[in-house]
Amino acid sequence: ATRYHSLIVQSRNLPACLEVIARTEDKEIMGLKHRDFPVWGLQFHPESILTKEGKKILKNFIKVKK
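Residue numbers (this note's numbering): 78 to 143.
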């Protein structure tokens, strides 16, 4: 997989209101969600042609928002 990070999120720096929802095989955080509000964040670009399941991720996000 191709991935570039100039910044990363570390578990020890997360406030209690955020939950990790995705990690890489080497345990880097790639997705977060707020525990109380409908807010999500990703550490990658799902629309990138290099993201294998990018279209599926975007379709699932649209389903959640409907």
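For each residue, glycine too, the CB sits at the ideal point set by N, CA and C. On a predicted model such as this, the values are computed, not experimentally measured, just so you know.
Does any heavy atom of the ligand COA sit closer than 6 Å to the C-beta of T101?
-> This structure lacks the ligand COA; in fact it carries no ligand of any kind.
Distance, Cα to Cα, F138 vs D113?
-> The residue you call residue 138 lines up with position 61 of the sequence shown. The residue you call residue 113 lines up with position 36 of the sequence shown. Approximately 17 Å, taken between the alpha carbons.
Can L119 and G108 be called in contact, C-beta distance under 7 Å?
-> The residue labelled residue 119 in the question sits at position 42 within the sequence shown. The residue labelled residue 108 in the question sits at position 31 within the sequence shown. In terms of Cβ geometry, L119 and G108 form a close pair [threshold 7 Å].
Among I85, K136, V141 and I126, which one has its Cα closest to the Cα of T101?
-> Mapped onto the sequence shown, residue 101 falls at position 24. When only C-alpha atoms are compared, the closest one is I85.
First and last residue of the uninterrupted beta strand (DSSP E) at H122 | Along the sequence shown, read from residue 1 onward, the residue named residue 122 stands at position 45. It is not in any beta strand (DSSP E) - H122 carries neither H nor E in the DSSP assignment.
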